[in-house]
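Counting in the UniProt record's numbering, the sequence shown runs from 1 upward without gaps. Cβ coordinates follow ideal geometry from the N, Cα and C atoms, glycine included. Treat the numbers as computed from the prediction; the structure is a model and nothing was measured. Working notes for the structure below.
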Amino acid sequence: MESTCNTIIRDEDSTTASENEDRISALPDHLLLKILECLYMPTAVQTGVLSTRWRHLPHQLSNLQISAQDFPGTLVDQIMTEYTDATRRFLSPPPCGCNRVIKILQLCFYLADPYLSSIAHAVGDAVKIGVPEYLEFAATGHVKCPSEAELVLFRQRFMSFFHACPGPFSLLTKLTLRSLSFEDSDIPNILNTCNQLKLLSLRSCQMGQDPVLKIDAPCSELTGLELIDFGCEQVELISAPKLLELVYDSWCGENPPVYFRYVPQLVRVCFASPALSWQTPFTLSECLSGNRNLSILHLNFRTQMIWIEPEDPRQLTPIFSKLRDVHLYNIFAECDLNWTMFILEGAPSLENFYLSRRSCELSKTEDSAEKTNVLWEPSEDSKYLNLKLLVMNGFKEEDKVMNYVRLVMVRAVVLKRIELYDEDPCKCSAINHEPPRFLVDEASKQRIREQLTHGSSSSAEIIIG
């Protein structure tokens with residue numbers, strides 16, 4: 001009897017599932033396509049194979065995001081076999097009567113042979129039928145910590161893929177490369193061929209024989225350059241007339257990490273790196289000379305030595321004339337803060353100033369530079385005429401912090417708002433089982449406000465916690 005009941009229940013469940021599937025399949029194509037676009041590609045592939053109702057739909061998808069990381073398997077060959085089959089299936093010409101225009105095509109794959117040539121042919125055939133509005137390649141080595149020889153091998157495979165499909169590369173919008181060792185001519189060749197490229201991201205890559213990355217691309221459409229853990233002695237942006245944004249995260253060469261030559265439209269720069277023992281602090285005017293449109297500046301010190309050197313604000317004023325937002329991240333807690341005011345004095349249009357302090361070690365290694373305090377005396381009569389917002393993470397009710405905030409309040413004559421927060425939680429707290437920090441009570445908040453405003457004419461709103 002129990003067996004019969006179980007059988008009945010299973011039959012009912014099966015009937016219900018079948019009915020649900022029928023209800024979904026009864027939906028019009030444009031809704032089914034929306035469902036398919038929300039699925040991982042392997043699931044979308046299976047759906048097209050198993051259901052006759054859905055079989056034609058993959059050929060109508062206009063937004064294709066096919067990533068090797070979505071395919072199951074532990075071996076690269078297994079993953080790339082399924083990935084390549086799926087890519088060919090989705091990019092193959094649609095059946096008769098099906099109209100399909102690929103608007104967005106994003107391919108993320110491993111640099112593994114013999115699959116790259118098949119991917120190149122599939123993409124080449126697809127763009128002959130219709131040019132996507134957005135085309136992105138992300139090619140990565142499949143070894144977690146590659147050796148020098150493997151970096152060279154991945155470069156060889158990518159360059160072979162690159163030369164095999166010049167048509168798609170000439171239409172490329174974004175290119176992400178990981179774990180390659182470049183030769184001198186590689187980046188210039190890529191930029192010359194990818195004449196519609198907007199975004200270039202190089203991650204865990206390095207320069208080979210010539211340790212300097214030079215970008216001289218006067219005809220390039222490049223608007224964004226991202227260098228993450230990029231191994232070279234220096235980066236020289238000789239000519240990138242349309243570049244709007246540079247992100248450089250973690251460098252190991254000499255300072256300054258980048259020299260900006262002709263980048264007239266540059267509006268956002270983000271530098272983030274722990275200082276290393278062989279690196280010496282540099283001045284921002286030395287690095288950014290020639291820029292006149294910079295609007296947003298991010299500097300992340302990763303709780304290690306401060307790698308910029310305070311300088312005469314008059315040297316910065318031409319460069320920072322349009323600077324609106326400055327973010328200084330992860331200043332080690334023992335460091336004085338007055339040195340940051342050389343940026344406030346050198347940026348006459350600055351409106352928003354974000355600053356974070358941290359007491360734990362984020363990126364300390366045996367190569368880390370020794371941390372030293374940074375001392376700088378702000379001008380006695382300087383005023384910050386446009387500063388409206390001051391935000392501090394890592395606020396402590398201690399003399400140097402309180403004095404700093406008071407000094408900013410006195411000099412920022414139109415300051416509207418001050419936001420003071422505790423440190424952001426970090427992994428160290430979880431590992432050491434530290435109890436969570438609690439916000440100070442209202443009485444303590446009021447006492448801090450009174451201390452900050454005592455003797456001040458500032459009307460800025462003060463938010464604590």
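Practice item. Going by CA-CA distance only, name the one from 105, 225 and 295 that's closest to residue 62. Key: In the sequence shown, the residue the question calls residue 62 occupies position 62. Selected option, being the one with the closest Cα: 105.
Review point. Helix, strand or coil for residue 436 per DSSP?
Key: Residue mapping note: residue 436 aligns to position 436 of the sequence shown, counting from 1. Per-residue confidence for residue 436 stands at a pLDDT of 48, beneath the threshold of 50, marking its modelled position as unreliable; the derived number appears in the next sentence. Three-state result, residue 436: coil.
Review point. In three-state terms, what does DSSP make of residue 375?
Key: Against the sequence shown, residue 375 aligns to sequence position 375. Coil, per DSSP.
Point to revise | Which of helix, strand or coil DSSP assigns to residue 454 | key: If you number the sequence shown from 1, residue 454 lands on position 454. Coil.
Point to revise | Under 7 Å between C-beta atoms of residue 376 and residue 342 | key: Residue 376 sits at position 376 when you count from the first residue of the sequence shown. Residue 342 sits at position 342 when you count from the first residue of the sequence shown. Closer than 7 Å, so yes.
Review point. Secondary structure at residue 287, three-state DSSP: helix, strand or coil?
Key: Position 287 of the sequence shown, counted from the first residue, corresponds to residue 287. Correct three-state label for residue 287: helix.
Point to revise | Delimiting residues of the beta strand (DSSP E) encompassing residue 216 | key: Residue numbering aside, residue 216 sits at position 216 when the sequence shown is read from its first letter. Start and end: 212-216.
Review point. Whose C-beta lies closer than 6 Å to the C-beta of residue 466 among residues of the same chain, with five residues either side of it excluded?
Key: A query on residue 466 cannot be resolved here, the shown segment of the chain reaching from 1 to 465 and no further.
Check your understanding: Among all the DSSP beta bridges, which residues are the ones paired with residue 136?
Key -> Along the sequence shown, read from residue 1 onward, the residue named residue 136 stands at position 136. DSSP output for residue 136 lists 106 and 174 as bridge partner(s).
Check your understanding: Three-state secondary structure (DSSP) at residue 263?
Key -> The residue given as residue 263 occupies position 263 in the sequence shown. Of the three classes helix, strand and coil, the one that applies to residue 263 here is coil, per DSSP.
Review point. Any idea if residue 436 is buried or exposed, counting beta-carbon neighbours within 10 angstroms, 16 or more meaning buried?
Key: Against the sequence shown, residue 436 aligns to sequence position 436. Confidence at residue 436 is low in this model, with a pLDDT of 48, below 50, so the placement of that residue should be treated as unreliable; the coordinate-derived value is given next. Exposed, by the Cβ-count rule.
Practice item. Would you check if there are 3 or more beta carbon pairs closer than 8 Å linking the stretch 134-151 to the stretch 176-194? Key: yes
Practice item. May I have the straight-line CA-CA distance separating residue 433 from residue 297, to the nearest angstrom? Key: By one-based count along the sequence shown, residue 433 stands at place 433. By one-based count along the sequence shown, residue 297 stands at place 297. Since pLDDT at residue 433 reaches only 48, below the 50 mark, its modelled position is unreliable, and no value is offered.
Check your understanding: Near residue 320, what residues of its chain come up, given a Cβ to Cβ distance below 6 Å and the 5 sequence neighbours on each side ignored?
Key -> In the sequence shown, residue 320 corresponds to position 320, counting from 1. For residue 320, where only same-chain residues beyond five positions count, the Cβ hits under 6 Å are 346 and 347.
**Study point:** Separation of residue 147 from residue 205, as counted between CA atoms
**Key:** Sequence index remark: in the sequence shown, residue 205 carries index 205 (1-based). Sequence index remark: in the sequence shown, residue 147 carries index 147 (1-based). Rounded to whole angstroms, residue 205 to residue 147 spans 12 Å at the Cα level.
Check your understanding: Any idea which residues DSSP pairs residue 461 with across the strands?
Key -> As a position in the sequence shown, residue 461 is number 461, starting the count at 1. DSSP output for residue 461 lists 417 as bridge partner(s).
Review point. For the alpha helix (DSSP H) that residue 150 lies in, which residues bound it at each end?
Key: By 1-based counting over the sequence shown, the position of residue 150 is 150. Start and end: 148-164.
Point to revise | Residue of 220, 199 and 167 minimising C-alpha distance to residue 188 | key: Along the sequence shown, one-based indexing puts residue 188 at 188. The option with the nearest alpha carbon to residue 188 is 220.
Exercise for review: Return the CA-CA distance between residue 440 and residue 326, expressed in angstroms with no decimal places.
Suggested key: The residue you call residue 440 lines up with position 440 of the sequence shown. The residue you call residue 326 lines up with position 326 of the sequence shown. Straight-line Cα distance between these residues: approximately 27 Å.
Point to revise | Contact check, residue 168 vs residue 212, beta carbons under 7 Å | key: As a first step, residue 168 is located in the sequence shown; it is residue number 168 there, counting from the start. As a first step, residue 212 is located in the sequence shown; it is residue number 212 there, counting from the start. No, the pair does not count as a contact, with Cβ atoms beyond the cut-off.
Review point. Taking C-alpha atoms, which residue in 413, 365 and 286 lies nearest to residue 390?
Key: In the sequence shown, counting from the first residue as 1, residue 390 sits at position 390. If we check each option's Cα against that of residue 390, 413 comes out closest.
Exercise for review: Just confirm the distance between the C-beta atoms of residue 392 and residue 420, as a whole number of angstroms; I'd bet it's less than 8 Å.
Suggested key: The residue given as residue 392 occupies position 392 in the sequence shown. The residue given as residue 420 occupies position 420 in the sequence shown. Residue 392 to residue 420, Cβ: 5 Å. Contact.
Exercise for review: Report the option in 242, 309 and 214 whose CA atom is closest to the CA atom of residue 338.
Suggested key: Taking the first residue of the sequence shown as 1, we reach residue 338 at position 338. Checking every option, the nearest Cα to that of residue 338 belongs to 309.
Check your understanding: For residue 353, which of helix, strand or coil comes out of DSSP?
Key -> Position 353 of the sequence shown, counted from the first residue, corresponds to residue 353. In this structure, residue 353 counts as strand in the three-state DSSP scheme.
Practice item. Tell me whether residue 268 sits in a helix, a strand or coil according to DSSP, three-state version. Key: Position 268 of the sequence shown, counted from the start, is the residue given in the question as residue 268. It is a strand residue.
Review point. Can you name the residues that DSSP bridges to residue 203?
Key: As a working note, residue 203 is residue 203 in the sequence shown. 178 and 228.
Check your understanding: Do you know how far the Cα of residue 401 is from the Cα of residue 378?
Key -> Along the sequence shown, one-based indexing puts residue 378 at 378. Along the sequence shown, one-based indexing puts residue 401 at 401. Distance between the alpha carbons of residue 378 and residue 401 is about 15 Å.
Exercise for review: To the nearest angstrom, report how far apart residue 449 and residue 462 are at their CA atoms.
Suggested key: Counting from one through the sequence shown, the residue named residue 449 turns up at place 449. Counting from one through the sequence shown, the residue named residue 462 turns up at place 462. C-alpha separation (whole angstroms): 7 Å.
Exercise for review: On the DSSP bridge assignment, give the partners of residue 236 in chain order.
Suggested key: Locating residue 236 in the sequence shown gives position 236, counting from the first residue. For residue 236, which the question treats as bridged, DSSP gives the partners 214 and 259.
Check your understanding: For residue 245, which beta-bridge partners are listed by DSSP?
Key -> One-based indexing of the sequence shown puts residue 245 at position 245. According to DSSP, which records beta bridges pairwise, residue 245 is partnered with 224 and 268.
Review point. Among 384, 196 and 151, which residue has its Cα nearest to the Cα of residue 340?
Key: On the sequence shown, position 340 is the one that residue 340 refers to. Ranking 384, 196 and 151 by Cα distance to residue 340 puts 384 first.
Point to revise | N-terminal and C-terminal residue of the beta strand (DSSP E) that residue 142 is part of | key: Your numbering for residue 142 matches position 142 in the sequence shown. Looking at the DSSP string, residue 142 is not in any beta strand (DSSP E), and its letter there is neither H nor E.
Check your understanding: How far does the alpha helix (DSSP H) with residue 192 in it reach, from first residue to last?
Key -> Along the sequence shown, read from residue 1 onward, the residue named residue 192 stands at position 192. Its alpha helix (DSSP H) spans residues 186-193.
Practice item. Helix, strand or coil for residue 293, going by three-state DSSP, please let me know. Key: By one-based count along the sequence shown, residue 293 stands at place 293. The answer is coil: DSSP assigns residue 293 none of H, G, I, E or B.
**Study point:** Beta carbon of residue 135 nearer than 7 Å to that of residue 171
**Key:** For the purposes of this step, residue 135 is identified with residue 135 of the sequence shown, where counting begins at 1. For the purposes of this step, residue 171 is identified with residue 171 of the sequence shown, where counting begins at 1. It is a contact, given that the beta carbons lie within the stated cut-off.
Check your understanding: Under the DSSP definition of a beta bridge, which residues are partnered with residue 66?
Key -> Taking the first residue of the sequence shown as 1, we reach residue 66 at position 66. Answer is 107, bridged to residue 66.
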